[in-house]
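Colleague: Terminal number for the sequence shown in this note's numbering: 234, no gaps in between.
The C-beta atom is built at its ideal place from N, Cα and C for all residues, glycine as well.
I am attaching a structure below and will ask some questions about it afterwards.
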Amino acid sequence: MMNIVLFEPEIPQNTGNIGRTCVATGTRLHLIGPMGFQITEKAVKRAGMDYWKYLDVTEYDGYEDFLEKNPGAKIYMATTKAKQRYTDVSYEEDCYIMFGKESAGIPEEILINHPDTCIRIPMNPDIRSLNLSNSAAIVLYEALRQQDFKGMKSEGELHRLHWKTE
Numbered sequence: 069m070m071n072i073v074l075f076e077p078e079i080p081q082n083t084g085n086i087g088r089t090c091v092a093t094g095t096r097l098h099l100i101g102p103m104g105f106q107i108t109e110k111a112v113k114r115a116g117m118d119y120w121k122y123l124d125v126t127e128y129d130g131y132e133d134f135l136e137k138n139p140g141a142k143i144y145m146a147t148t149k150a151k152q153r154y155t156d157v158s159y160e161e162d163c164y165i166m167f168g169k170e171s172a173g174i175p176e177e178i179l180i181n182h183p184d185t186c187i188r189i190p191m192n193p194d195i196r197s198l199n200l201s202n203s204a205a206i207v208l209y210e211a212l213r214q215q216d217f218k219g220m221k222s223e224g225e226l227h228r229l230h231w232k233t234e
């Protein structure tokens, strides 16, 4: 099972959107506090819609608490400061992909100890960063693509009509 980790998230709507993406992909969500909101806030639930009740989510008091409860976790750290792109690594089936808080990202004190697992999403140089929810979806779906979307439904069906076959 893939894991998304949010380090001290600040905006409830982002966390709600990411939670919905986690439910849609069978991914576990890890929330490292302190957070800028209460998980019970209406905005989190609204963004996660009625999927929030199906979310596999764990909360932690801080980064050390997260590390202690997930010993040996392979953690890829998404940051604009990384040298390698998110498409340059091979994601393990049970890896963790961490994203930092919206206003500051993952602290450099953490990043400096993990240069080989820091990843970035390429973007125009005039932009500081992408939206957290979008970034999580981009990287998570690359990891899932590398695993051939194992266990996920890959074909859609029309509701009223039928696809033409040749």
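1. When the Cα of residue 121 is compared with those of 91, 86, 206, which residue comes out closest?
2. Report yes if the C-beta distance between residue 150 and residue 100 is below 8 Å; otherwise report no.
3. Give the straight-line distance between the Cα atoms of residue 127 and residue 194, rounded to the nearest whole angstrom.
4. Could you compute how far the alpha carbon of residue 96 sits from the alpha carbon of residue 192?
5. Judging by CA-CA distance, which residue of 231, 82, 216, 178 is the nearest neighbour of residue 132?
6. Can you tell me which of 183, 220, 94, 137 puts its alpha carbon nearest to the alpha carbon of residue 147?
7. Roughly how many angstroms separate the alpha carbons of residue 235 and residue 232, rounded to a whole number?
8. For the candidate residues 79, 161, 69, 102, whose alpha-carbon lies nearest to that of residue 171?
9. Could you work out which residue in 140, 129, 168, 85 is closest to residue 160 when comparing CA atoms only?
10. Residue 154 and residue 185: beta carbons closer than 8 Å?
11. Where residue 219 and residue 208 are concerned, what is the direct C-alpha to C-alpha distance, given to the nearest angstrom?
12. Within a Cβ cutoff of 7 Å, which residues of the same chain sit near residue 157, ignoring the five residues on either side of it in sequence?
13. Measure the alpha-carbon distance for residue 76 versus residue 228 and round it to whole angstroms.
14. Please state the DSSP three-state secondary structure of residue 212.
15. With DSSP run on the structure shown, which of helix, strand or coil describes residue 219?
Modeller: Walking through what the data contain:
1. In terms of CA proximity to residue 121, 91 leads the group 91, 86, 206.
2. With contacts defined as CB atoms closer than 8 Å, residue 150 and residue 100 fail to qualify as a contacting pair.
3. In a straight line, the C-alpha of residue 127 is about 34 Å away from that of residue 194.
4. If you draw a straight line from the Cα of residue 96 to the Cα of residue 192, it comes to about 31 Å.
5. Looking at the Cα atoms, 178 is the closest of the given residues.
6. Nearest option by C-alpha distance: 183.
7. Residue 235 lies beyond the residue range present for the chain, which begins at 69 and ends at 234; the question has no answer from this structure.
8. Selected option, being the one with the closest Cα: 79.
9. Selected option, being the one with the closest Cα: 140.
10. Cβ atoms of residue 154 and residue 185: not closer than 8 Å.
11. Cα to Cα, the separation comes out at about 15 Å.
12. Cβ within range, chain order: 144, 187.
13. Rounded to whole angstroms, residue 76 to residue 228 spans 44 Å at the Cα level.
14. DSSP, reduced to helix, strand and coil, places residue 212 within a helical segment of the structure shown.
15. In the structure shown, residue 219 adopts coil according to DSSP, grouped into three states.
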